[in-house]
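The next block holds one structure in the form of structure tokens; read it before the comments.
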Amino acid sequence: MGEKEKSPDVNKLDVASTCEERPRWDNKAQYLLTCIGFAVGVGNVWRFPYLCQIYGGGAFLIPYLIALVFEGLPLLYLELAIGQRLRMGSIGVWNSISPYLGGVGLASMLVSFLVCLFYNTILAWVLWYFFHSFQEPLPWSHCPLNTNHTGYVKECEESTPVNYFWYRETLNITARVESSGSLQWWMVLSLASAWAIVYICFIRGIETIGKAVYITATFPYLVLTIFLVRALTLPGATVGLTYLFTPQWETLKNPRVWLDAATQIFFSLSLAFGGLIAFSSYNPLKNDCERDTIIVGCINSATSLYASIPIFAILGFKANSNYNTCMNRNILSLTNTFEIGDQNITTENYQEWLSYLNTTYPVTVSSLHLRHCNLQTFLDQSASGTGLAFIVFTEAVIEMPGSQVWAVLFFIMLFSLGLSSMFGNLEGVLTPLLDLQLVPRWMPKELFTGLICLLCFALALIFTLGSGNYWLEIFNTYVGSLPFLVIAFFEIIAVIYVYGIKRFNEDVEFMIGRRPNLFWQVCWRVVSPLMLLVVFLAYVTVQAQEHPTYPAWNPSYVDFPQADMQPYPGWVFAVCVLLTVVPCIIIPLVAAYRLAQFLHRRCSTHQPHPNPYLIQGSSPDM
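Numbering-wise (the working numbering), the sequence shown opens with residue 8 and increments by one.
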């Protein structure tokens with residue numbers, strides 16, 4: 008560590024002194040870019056705009072900002088500070104504070120591992136689309152011919168070329184989650200490529216990550232800016248932006264808005280993964296972690312808003328194009344059916360002509376089955392996640408001049424965002440294992456990292472099956488939800504009420520030269536834990552009232568191409584429950600195991616209870 012100065016109450020046992028050989032960042036920029044890249048992921052592009060769309064546009068920013076200030080930033084500060092002070096990964100940190108809290112670190116590591124499995128599958132999909140973005144025309148812009156070359160594939164004609172390319176050419180999806188299908192070889196190759204890229208960037212830990220983030224954390228902003236300039240010039244862009252930023256205040260009465268805002272800011276900052284704790288542990292001991300918190304938190308939220316502008320401008324362009332296409336088809340049907348003389352039906356006088364013809368020839372007009380064309384309806388066709396990236400956006404790109412260029416840029420941006428987040432996810436797995444010295448001394452770190460990546464690749468093959476998309480949604484929904492709330496709640500309780508708020512304040516003062524102000528104190532002691540508890544109870548209540556279903560892509564469904572909503576089979580729902588419960592139950596199980604160990608030693612040797620706290624000689628501040 009190279010420093011003899013100690014913070015108060017740490018003279019007897021300073022964990023930092025045991026980590027002198029720990030790697031360090033080359034410079035502060037690498038650390039900040041890595042944390043920003045971890046926090047800023049694909050969710051900023053395809054989740055935040057979706058929530059703004061369905062929850063009243065600008066009105067959604069109110070609960071979002073409240074959650075950022077009173078929940079997100081205090082927890083981010085806590086993770087960065089405790090990781091920097093104790094200089095360990097997630098398992099080492101919580102074990103050091105109290106052996107009974109070792110399950111918190113194990114839960115973080117398990118959740119990060121499970122997230123790695125499905126998150127890198129998304130990068131495999133992005134690579135697949137990226138490879139096809141160089142074709143002229145784009146393969147999702149037209150339907151393929153059937154086997155007899157007598158027409159187009161029926162499934163494609165009944166849906167759209169974009170849907171067909173996603174569900175059939177990419178996923179080759181089954182009609183039910185219980186029908187696994189076979190491994191799709193092209194997806195296996197894409198997944199292998201994605202893991203190979205992650206391994207190359209991660210091969211020497213922060214030495215190679217620190218170099219990679221110069222590109223992966225900054226390139227998305229360049230692409231977003233290019234998209235912003237181009238999107239604002241598209242016809243219909245102002246319609247999309249107006250839709251986004253027009254507040255619908257009545258939506259704030261819906262409690263689900265506040266719940267989604269709280270969970271969005273929580274997951275957007277990548278809290279409770281363990282990756283941020285690991286990254287901050289490579290910092291110098293004297294580093295201003297409070298300033299880092301403000302920088303990372305504000306940039307993350309600003310990126311979400313910045314990404315929403317080009318996204319909604321493009322969605323407005325798509326809605327405008329769909330509206331004009333709908334109107335032109337109706338006009339063509341009317342002009343081909345009726346003699347209208349020298350006058351033409353246009354979008355401006357369409358309603359007048361339709362009213363006149365409906366009055367004069369109602370039976371004939373009814374037989375034409377004209378579509379109901381409404382711009383607001385097209386704008387309301389919201390999509391999140393994979394639906395936004397691989398369906399809505401790809402359909403909009405087709406209509407843009409130079410569509411190949413925009414497709415390439417978009418998928419490079421998504422891959423860069425996802426790759427930066429993967430660094431944090433994988434760091435949340437590797438650092439705790441290395442800190443616990445579970446790796447044989449004869450095994451190089453590069454080999455161990457490779458074995459972990461290989462294991463993740465092998466387990467993630469489930470997502471390359473015909474039912475893989477269904478399983479990915481299950482993992483995303485049930486792993487990336489409740490466990491993080493539970494882990495974060497125990498984190499803040501561990502630091503403030505076990506490690507002790509007084510000792511933690513002294514550590515922060517030792518590191519940054521000033522004590523945390525009153526705002527941080529109130530949030531840590533009361534506001535943040537209370538918000539986490541309320542969000543947890545609200546989430547459980549909402550989930551308990553809903554019977555879990557999933558949208559199946561079923562060409563034989565009566566209302567195809569609409570989603571065939573199916574309930575999860577019993578055994579699949581049991582897997583969903585396990586994915587939610589297992590990471591959470593680890594925490595009390597480890598505590599019970601440690602207590603059993605203590606009682607066993609006490610009964611057999613009559614030894615006194617060892618002090619479970621990191622710092623000897625003082626009791627925690629309650």
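The beta carbon of each residue, even a glycine, is placed where N, CA and C say it ideally should be.
Review point. Name the DSSP beta bridge partners of Thr556, please?
Key: Here residue 556 refers to the residue found at position 549 when the sequence shown is read from its first residue. DSSP, once it has assigned bridges, lists Pro574 as partnering Thr556.
Problem set entry | Local conformation of Gly624 per DSSP, three classes | Stepping through the sequence shown from its first residue, residue 624 is reached at position 617. Because Gly624 sits at a pLDDT of 39, beneath the cut-off of 50, its placement in the model cannot be relied upon, and the following sentence gives the value as read from the coordinates. Three-state result, Gly624: coil.
Taking only runs of the alpha helix (DSSP H) that begin and end inside the stretch 189 to 235, which ones reach a length of at least 4 residues, in chain order? Complete alpha helix (DSSP H) runs here, min 4: 192 to 209 and 213 to 223.
Check: Would you report the Cα separation of Tyr546 and Tyr206, rounded to the nearest angstrom?
Finding: Stepping through the sequence shown from its first residue, residue 546 is reached at position 539. Stepping through the sequence shown from its first residue, residue 206 is reached at position 199. Each residue's Cα considered, the two are about 36 Å apart.
| field | Residues of its chain near Pro291, where Cβ-Cβ distance is below 8 Å and the 5 sequence neighbours each way are ignored | value | Here residue 291 is taken as the residue at index 284 of the sequence shown, counted from 1. Contacts found: Arg31.
Please report how far the alpha carbon of Asp566 lies from the alpha carbon of Ser166, in whole angstroms.
Here residue 566 is taken as the residue at index 559 of the sequence shown, counted from 1. Here residue 166 is taken as the residue at index 159 of the sequence shown, counted from 1. The alpha-carbon separation between Asp566 and Ser166 amounts to approximately 11 Å.
message: Rounding to the nearest angstrom, what Cα-Cα distance links Gly243 and Leu251 in this structure?
response: The count along the sequence shown starts at 1 and reaches residue 243 at position 236. The count along the sequence shown starts at 1 and reaches residue 251 at position 244. Straight-line spacing of the CA atoms in Gly243 and Leu251 works out to 13 Å.
Under the three-state DSSP convention, the category Tyr159 falls into:
Here residue 159 is taken as the residue at index 152 of the sequence shown, counted from 1. If DSSP states are grouped into helix, strand and coil, Tyr159 belongs with the strands.
Quick check on the DSSP output: what are the complete alpha helix (DSSP H) runs of length 4 or more inside the stretch 485 to 571, in order along the chain? DSSP runs (the alpha helix (DSSP H)) wholly in the stretch 485 to 571: 489 to 500, 508 to 519, 525 to 529 and 535 to 552.
In angstroms with no decimal places, state the Cα-to-Cα distance between Asn155 and Leu266.
For the purposes of this step, residue 155 is taken as residue 148 along the sequence shown, with counting starting at 1. For the purposes of this step, residue 266 is taken as residue 259 along the sequence shown, with counting starting at 1. Distance between the alpha carbons of Asn155 and Leu266: 52 Å.
- Let me know the secondary structure DSSP gives Leu454 once reduced to three states. Indexing the sequence shown from 1 puts residue 454 at position 447. Leu454 falls in the helix class under three-state DSSP.
Buried or exposed for Pro144, going by 16 or more other Cβ atoms inside 10 Å?
One-based indexing of the sequence shown puts residue 144 at position 137. Pro144 is exposed by the Cβ-count criterion.
Sequence-distant residues of its chain with Cβ nearer than 8 Å to Gly63 (five each side left out):
Here the question's residue 63 lines up with position 56 in the sequence shown. The residues are Pro254, Gln255, Trp256, Glu257, Thr258, Leu259 and Val264.
Check your understanding: Taking the runs of the alpha helix (DSSP H) that are 4 residues or longer, which of them lie wholly in the stretch 409 to 490?
Key -> Listed in chain order, the complete alpha helix (DSSP H) runs (minimum 4 residues) inside the stretch 409 to 490 are 410 to 442, 452 to 466 and 475 to 485.
Which one or two residues does DSSP pair with Leu152 in a beta bridge? The residue labelled residue 152 in the question sits at position 145 within the sequence shown. In DSSP, Leu152 forms a bridge with Tyr159.
Inter-residue spacing [alpha-carbon to alpha-carbon] between Tyr485 and Ser287: Indexing the sequence shown from 1 puts residue 485 at position 478. Indexing the sequence shown from 1 puts residue 287 at position 280. Taking the straight line joining both Cα atoms gives about 28 Å.
Next on the checklist: Assess contact between the stretch 66 to 86 and the stretch 452 to 469, defined as three or more Cβ pairs (one per stretch) separated by less than 8 Å. Is contact present?
Outcome noted: Between the stretch 66 to 86 and the stretch 452 to 469, the count of C-beta pairs closer than 8 Å stays below three; the two stretches do not touch.
Original post:
Which residues bound the alpha helix (DSSP H) around Ala396?
Top reply: Here residue 396 refers to the residue found at position 389 of the sequence shown. Segment: none, Ala396 is in no alpha helix (DSSP H) and carries neither H nor E.
| request: Note down the Cα distance separating Lys161 from Pro568, rounded to an integer number of angstroms. | output: Numbered from its first residue, the sequence shown carries residue 161 at position 154. Numbered from its first residue, the sequence shown carries residue 568 at position 561. Using only the alpha carbons, I get a separation of about 11 Å.
**Prompt:** Which class does Thr258 belong to by DSSP, given the choice of helix, strand or coil?
**Reply:** Sequence index remark: in the sequence shown, residue 258 carries index 251 (1-based). Here Thr258 sits in helix by DSSP.
message = Once DSSP output is grouped into helix, strand and coil, what is the label at Cys610?
response = On the sequence shown, position 603 is the one that residue 610 refers to. In the structure shown, Cys610 sits in a helix (DSSP, three-state: H, G or I).
Check for me: the alpha helix (DSSP H) holding Leu178 runs from which residue to which?
Taking the first residue of the sequence shown as 1, we reach residue 178 at position 171. Bounds of any alpha helix (DSSP H) do not take in Leu178, whose DSSP letter is neither H nor E.
query: What first and last residue would you give for the alpha helix (DSSP H) that runs through His139?
result: Along the sequence shown, read from residue 1 onward, the residue named residue 139 stands at position 132. Counting along the chain, the unbroken alpha helix (DSSP H) around His139 starts and ends at Gly109 to His139.
| message | By alpha-carbon positions, which one of Asp295, Phe319 and Trp202 ends up nearest to Leu241? | response | Locating residue 241 in the sequence shown gives position 234, counting from the first residue. Just measuring C-alpha positions, the residue of Asp295, Phe319 and Trp202 sitting nearest Leu241 is Phe319.
For Tyr84, which three-state DSSP category applies?
Mapped onto the sequence shown, residue 84 falls at position 77. Three-state DSSP puts Tyr84 in a helix.
Segment contact, 8 Å Cβ cut-off, at least three pairs: the stretch 205 to 221 with the stretch 403 to 415: The stretch 205 to 221 makes no contact with the stretch 403 to 415, as fewer than three CB pairs between them are under 8 Å.
_Pairwise C-alpha distance: Tyr171 and Pro562_ = As a first step, residue 562 is located in the sequence shown; it is residue number 555 there, counting from the start. As a first step, residue 171 is located in the sequence shown; it is residue number 164 there, counting from the start. The alpha-carbon of Pro562 is positioned some 11 Å away from that of Tyr171.
Please name the residue, chosen from Leu492, Phe397 and Cys333, that lies closest to Leu382 on a Cα-to-Cα basis. The residue labelled residue 382 in the question sits at position 375 within the sequence shown. The option with the nearest alpha carbon to Leu382 is Cys333.
**Item:** Best match in Val100, Cys463, Ser308 and Val549 for proximity to Leu489 [C-alpha to C-alpha]
**Value:** As a working mapping, residue 489 is identified with position 482 in the sequence shown. Answer by Cα proximity: Val549.
| request: Would you check if the distance between the CB atom of Trp135 and the CB atom of Met194 is smaller than 9 Å? | output: Taking the sequence shown and counting its residues from 1, the one referred to as residue 135 is at position 128. Taking the sequence shown and counting its residues from 1, the one referred to as residue 194 is at position 187. Taking the C-beta atoms as reference points, Met194 is found nearer than 9 Å to Trp135.
(Q) If you reduce the DSSP assignment to three classes, tell me which class Val184 lands in. (A) Within the sequence shown, residue 184 is the residue found at index 177, counting from 1. Reduced to three states, the DSSP call for Val184 is coil.
Checklist line | Pick from Gly304, Ile499 and Glu185 that is closest to Gln573, judged by C-alpha positions | finding: Locating residue 573 in the sequence shown gives position 566, counting from the first residue. When the alpha-carbon of Gln573 is set against those of Gly304, Ile499 and Glu185, the nearest one is in Glu185.
Practice task
With Trp53 as the anchor, note down where its alpha helix (DSSP H) starts and where it stops.
Solution key: By 1-based counting over the sequence shown, the position of residue 53 is 46. Segment Val49 to Trp53, the alpha helix (DSSP H) holding Trp53.
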